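Numbering (my numbering), first residue to last: -1 to 724. The beta carbon of each residue, even a glycine, is placed where N, CA and C say it ideally should be. All figures in this text were calculated on a predicted structure; none of them were measured in a lab. This report concerns only the one structure given below.
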């Protein structure tokens, strides 16, 4: 159930409770689709499955969603039951049971809990009139769209998903995440430096690429797009572009020379994909040249990928794309010689229980983001659904962005480092982990994600520096015992028998540590900048007015960040702050971050895929700060720091393989931690299951030709390998 932007719950509701209430409230109108299957009671608990089910995977965890009693000093916590999670799980089973038995047997083939799944029925059609066995259907990660007929990716508040980013557009250089190497997509090859100063480059384009309206993609399109950045002041990318690009020259039909304002040894990473996508989406000059780049709807979109726009729901719930007849004249066609299904549709069906029912009933082939509890229901009720790992721990733990709480650091009181640090120390991180994803999270005190390559390069080597770090009064805030404490919690709950025993393995599982939960020190920091408490222990701003914090949270998308917002609000409420989570649709959520019109937000600005973190953190430079209300070209937190800017300027001058790159990056990450630039908390655990009823050859842990990046730009290459089930 989507909540209107700016609405605030009056009291904190545990995410599991919120989901259960949603199930109950929607039960009367739940659009059951009849299908037949055998039902059986759950025979095992998700969290009690042996880690040995996935012996080829680094050990993860045995987790249970729960609530840890708040104790500032003690790390040994009593074993306790979690009735809310149990209630949620049982309610999901009840709903599914009623749905499955609501119709006469055999109306529609469906997966059963035993035996072989029934084969797809011939002649089945989707609700939009396409053959089901020719239509790949994905869950829409961003939920319902605010402006479904608006495809201008450079305009503010536009969600880049629903197939437009994944299939319709393309980039100069893409990323193969199995190797970490970039390759030419629209570009024929990696860029060539034309001088020793790294300020002039030649970009060769792939020949024979066509827009879906029949016009060839040429150097004119690339140059037009880059010049549009430079000339259009009211698009977010303008500030970044004027700082980076000196000039653009068309040399011939397939060659562009790009001159930069200063040395740029990472041009392919800056203007190509390393994570998710890149801001450079070349646009067709013949369509855009007489339009206002900030307001042009670009509808219907003219595509350069192997799929064309076909139709969409005016209410913003679904968009469908159709394979081009000339798919060979695209980068995917040229590179792979393959294309993918005839139709690909993104469809948002609503609340999580409806999404799970849709996959069980084979109405969705790929789910973008679900909870561990729903994953358990799905594995019990479907013979054809699977996640990244076929068994426990199911999820992919190496999504290259981490979750936490961001602020608009240009607005009081979040402009004060003491306030940001106080909020970190007032966060009961163990409870937040348990309440968010049942403890199934790896903690991170640094502004980059704790994926293996990054954690081994930065988090682990910097532990001693974090231990030695002190606030100005000499207080040492780092707690290196997080992993051991989490293991003790699960052991006391009777579910830790298969957890790793060594310190090193526990750190690999839970992370290197985080900041202490110390409300007394948090109070000292607030009082040092004029905060006080009223008679009821509630915090007052220095002017004597009550302090309230609204945390922006995704509504029915990016579930980990949504739950995180509620859990953090609970910690801060217990500390005496009037804190609440403000659930928002995707467009509003992202627009608020860019314009800075928010107090706090459950965002994920810390991304990295390997040791060279600069391409993903260069935007933190203070030169990108714009006033609140304006679209930020970078540094959406509006954090001003001469020291961070100095280190970023040094990093920009070194190449990826220069040893100074890692040393400067370590210095940067420690400085960001000292300033509490934002509050990084956890790496991302992605439960993104697929349904093998109609389609097969998805990338999985045991079919690892790519990661499960259904929402990335390289999905156009992944989909080319997905095959119909014979």
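In chain order, 425 and 426 place their CB closer than 6 Å to the CB of residue 569, counting only its own chain and leaving out the 5 sequence neighbours on each side.
Looking only at 647, 361, 678 and 638, the smallest Cα-Cα distance to residue 603 is reached by 678. The straight-line gap separating the alpha-carbon atoms of residue 126 and residue 348 is approximately 17 Å. Residue range 480 to 490 is occupied by the alpha helix (DSSP H) that includes residue 489.
For residue 672, the secondary structure class from DSSP, reduced to helix, strand or coil, is helix. With 16 or more neighbouring CB atoms inside 10 Å of its own CB, residue 252 falls in the buried class.
With fewer than 16 other Cβ atoms from the protein chains shown falling within 10 Å of its own Cβ, residue 260 counts as exposed. Distances from the CA of residue 196 to each of 228, 182, 388 and 255 were compared; the closest alpha carbon is that of 255. Closest in alpha carbon position to residue 396, among 361, 447, 409 and 367, is 447. Here residue 373 is buried: its Cβ has 16 or more other Cβ atoms, across all protein chains shown, within 10 Å. Note on geometry: alpha-carbon atoms of residue 461 and residue 610 lie some 19 Å from one another.
A residue is called buried once 16 or more other Cβ atoms fall within 10 Å of its Cβ, and residue 317 is buried on that count.
Sequence-distant partners of residue 211 (beyond 5 residues in either direction) whose C-beta falls short of 6 Å from its own C-beta, in its chain, are 300. Close CB contacts of residue 365 within its chain, under the 7 Å cut and outside five residues either way in sequence, are with 137, 353, 357, 686 and 687 (chain order).
Residue pairing by DSSP places residue 342 opposite 134 and 319 in a beta bridge. Here residue 585 carries a helix assignment [DSSP, helix/strand/coil]. Listed as beta-bridge partners of residue 246 by DSSP are 256. Excluding the 5 residues flanking it on each side, residue 267 has same chain C-beta neighbours closer than 6 Å at 613, in chain order. If the five residues before and after residue 398 are omitted, its C-beta is found closer than 7 Å to the C-beta atoms of 273, 447, 449, 605, 606 and 607, all from its own chain and listed in chain order.
Taking every protein chain shown into account, the CB of residue 346 has 16 or more other CB atoms within 10 angstroms, so this residue is buried. Minimum Cα-Cα distance from residue 709 among the listed residues 275, 486 and 581 corresponds to 275. Where residue 551 is concerned, the enclosing beta strand (DSSP E) starts and stops at 546 to 552.
By the Cβ rule, the segment 590 to 603 counts as touching the segment 621 to 630, because three or more pairs are nearer than 8 Å.
Note on geometry: alpha-carbon atoms of residue 560 and residue 179 lie some 32 Å from one another.
Bridge pairing for residue 693: 722 [DSSP].
In the structure shown, residue 144 adopts coil according to DSSP, grouped into three states. Annotation: the segment 273 to 317 contains the following complete segments of the beta strand (DSSP E) (minimum length 3 residues), in chain order: 305 to 310. Beyond the five residues adjoining it in sequence on each side, residue 477 comes within less than 7 Å, by CB distance, of 511, 512, 513 and 514 in the same chain, given in chain order.
DSSP places residue 662 in the helix class (H, G or I) of the three-state scheme. Each residue's CA atom was taken as its position, placing residue 445 and residue 676 some 8 Å apart. When the alpha-carbon of residue 282 is set against those of 222, 411, 483 and 409, the nearest one is in 222. For residue 227, the uninterrupted alpha helix (DSSP H) segment begins and ends at 217 to 229.
Per DSSP, residue 715 is one residue of the alpha helix (DSSP H) stretching across 713 to 717.
In the structure shown, the three-state DSSP call for residue 325 is helix.
In this structure, the beta-carbon distance from residue 295 to residue 149 falls below 8 Å. CA-to-CA, the gap between residue 598 and residue 182 works out to about 38 Å.
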